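S.K.:
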Amino acid sequence: MRSDLTAGGAESPSWLLRLAAWGGLVFLHFPILIILLYAFNTEEAAFSFPPKGFTLHWFSVAFGREDVLEAIGLSLKIACLATVIAMVLGTLAAAALYRRSFFGKESLTLMMVLPIALPGIITGLALLNGFKQLGIEPGVLTIVIGHATFCVVIVYNNVVARFRRTSYSLIEASMDLGADGWQTFRYIILPNLSSALLAGGMLAFALSFDELIVTTFTAGHEKPLPLWLLNQLTRPRDVPVTNVVAMLVMLVTMVPVLLAYLLSRGGDSVAGSGK
36 MRSDLTAGGA
46 ESPSWLLRLA
56 AWGGLVFLHF
66 PILIILLYAF
76 NTEEAAFSFP
86 PKGFTLHWFS
96 VAFGREDVLE
106 AIGLSLKIAC
116 LATVIAMVLG
126 TLAAAALYRR
136 SFFGKESLTL
146 MMVLPIALPG
156 IITGLALLNG
166 FKQLGIEPGV
176 LTIVIGHATF
186 CVVIVYNNVV
196 ARFRRTSYSL
206 IEASMDLGAD
216 GWQTFRYIIL
226 PNLSSALLAG
236 GMLAFALSFD
246 ELIVTTFTAG
256 HEKPLPLWLL
266 NQLTRPRDVP
276 VTNVVAMLVM
286 LVTMVPVLLA
296 YLLSRGGDSV
306 AGSGK
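Take a look at the structure:
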């Protein structure tokens with residue numbers, strides 16, 4: 036047996052593959068590192084390399100502006116509402132589809148995935164036309180509904196994968212021992228779904244918080260954080276403040292994604308977890 040095989044029998048990757056992997060990571064994260072670096076730059080007007088110095092001044096400026104705080108608060112409100120709706124609907128859909136076989140099940144599953152599989156501009160246009168047909172004015176409600184349409188998919192995928200890993204004999208044993216439907220859900224189903232729900236909710240929150248395209252079509256006169264950042268591109272003198280807010284968005288979205296990964300890892304072999 037070759038000495039470069041690992042204990043599991045898999046061949047160790049060559050230095051070229053490792054270099055390519057690290058190169059891909061640097062390519063993906065270099066723009067993020069630039070934003071993080073210039074959030075602490077003392078230069079006011081624009082980007083300059085190397086940075087002139089290190090300062091925390093722009094953080095106090097950013098959090099002292101009413102428009103920034105209002106945009107952050109609105110985005111947090113929208114993300115929380117969309118996440119709650121997605122967790123409820125996604126869990127119910129997973130419970131209805133994971134074990135039953137019936138005519139049209141695959142079509143329903145496809146319809147569940149479509150909002151996140153389609154380009155955001157298509158989803159946004161469809162939602163805008165639908166709201167106009169119903170006579171609903173764009174605002175906070177329409178943004179929440181728009182975000183919930185693709186957040187449901189995230190929760191559904193996590194929950195249906197966990198359902199498939201949960202033995203149905205546990206539910207049958209609970210019912211045989213005299214537990215009613217609510218008790219079975221509270222003491223058997225919910226504890227088994229808790230980490231999947233938490234991971235799905237975190238991912239849904241992260242996606243909703245920085246969603247731009249669907250928000251653009253459904254926001255109306257509202258200005259959540261992604262639209263605020265987009266408008267800042269026309270104000271070069273506000274670049275330092277924009278960098279600080281962009282760094283905040285990255286942190287708010289990266290932390291839930293990382294936690295969701297830690298909670299849900301190990302279930303990739305389950306059908307549905309990666310769809």
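Under my numbering, the first residue of the sequence shown is numbered 36, with each subsequent residue one higher. Where a beta carbon is used, it is the ideal one built from N, C-alpha and C, also for glycine. Here the structure is a predicted model, which is why all the values come from computation and not from measurement.
1) Straight-line CA distance for L265 to R199?
2) Return the residue from the list I156, L162, R272, V190 that minimises the CA-CA distance to T77.
3) For the alpha helix (DSSP H) containing E207, name the first residue and the last one.
4) Within its chain, find whatever has a CB closer than 6 Å to the CB of A131; leave out the 5 residues flanking it on each side and keep chain order.
5) Let's test the definition: count the other Cβ atoms within 10 Å of the Cβ of F62 and tell me whether it reaches 16, buried, or not, exposed.
6) Taking the alpha helix (DSSP H) that L111 belongs to, which residues open and close that run?
7) Taking the alpha-carbon of N164 as reference, which of V175, V148, G181, L52 has the nearest alpha-carbon?
8) Compare the Cα-Cα distances from T177 to each of Y191, A161, N192, I189 and report the closest residue.
9) Which of helix, strand or coil does DSSP assign to E46?
10) From the DSSP secondary-structure annotation, give me the bridge partner or partners of N24.
11) Would DSSP call F252 helix, strand or coil?
12) Tell me the residue span of the alpha helix (DSSP H) that contains Y191.
13) So, V187 versus G236, is the Cβ gap smaller than 8 Å?
14) Tell me whether the beta-carbon of Y296 lies closer than 8 Å to the beta-carbon of V195.
15) Is L297 helix, strand or coil by DSSP?
16) What does the alpha-carbon distance come out to for the pair E257 and V279?
17) Does T41 come out as helix, strand or coil in the three-state DSSP assignment?
18) Please report whether the beta-carbon of D215 lies at a distance below 8 Å from any beta-carbon of chain B.
19) Based on the DSSP secondary-structure assignment, which residues constitute the bridge partners of F244?
20) Across the segment 213–224 and the segment 243–260, are there enough close Cβ pairs to call them in contact, namely three or more that are closer than 8 Å?
21) Do you know offhand how far P154's Cα is from N192's?
22) Thinking just about the alpha-carbon of each residue, which of L143, L51, I248, C115 is nearest to the one in A128?
23) Hey, how far is the Cα of L228 from the Cα of I189?
24) What does the Cβ neighbour count give for M146, buried or exposed, with the cut at 16 atoms within 10 Å?
25) Report the rounded CA-to-CA distance for V103 versus W263, giving the unit in angstroms.
26) Excluding the 5 residues flanking G255 on each side, which residues of the same chain have their C-beta closer than 8 Å to its C-beta?
M.R.: With the structure as the only source:
1) Rounded to the nearest whole angstrom, the C-alpha separation of L265 and R199 is 41 Å.
2) When the alpha-carbon of T77 is set against those of I156, L162, R272, V190, the nearest one is in R272.
3) 203–211 is the extent of the alpha helix (DSSP H) around E207.
4) Here the set comprises nothing.
5) By the Cβ neighbour-count rule, F62 is exposed, with fewer than 16 other Cβ atoms within 10 Å of its own.
6) L111 -> alpha helix (DSSP H) spans 101–132.
7) Of the residues V175, V148, G181, L52, the one whose Cα lies closest to the Cα of N164 is G181.
8) Minimum Cα distance to T177 is reached at A161.
9) Residue state, collapsed to three classes: strand.
10) Any question about residue 24 goes unanswered here, given that the chain covers just 36 to 310.
11) Here F252 sits in helix by DSSP.
12) Counting along the chain, Y191 sits inside the alpha helix (DSSP H) bounded by residues 175–200.
13) Contact: no.
14) Their beta carbons are not under 8 Å apart, which means Y296 does not touch V195 by this criterion.
15) Collapsing the DSSP output to three states places L297 in a helix.
16) Each residue's alpha carbon lies about 22 Å from the other.
17) Annotation note: pLDDT 48 at T41 (below 50); position unreliable, coordinate value reported separately. DSSP places T41 outside both helix and strand once states are collapsed to three, so it counts as coil.
18) Note that chain B does not occur in the displayed structure, where there is just one protein chain.
19) Here F244 is not bridged, per DSSP, to any residue.
20) Short answer: they don't touch.
21) Each residue's Cα considered, the two are about 19 Å apart.
22) Closest by alpha carbon: L143.
23) Their backbone Cα atoms lie some 14 Å apart in a straight line.
24) So M146 ends up on the exposed side.
25) In this model, V103 and W263 are separated by some 8 Å (Cα to Cα).
26) E172, P173, G174, T177.
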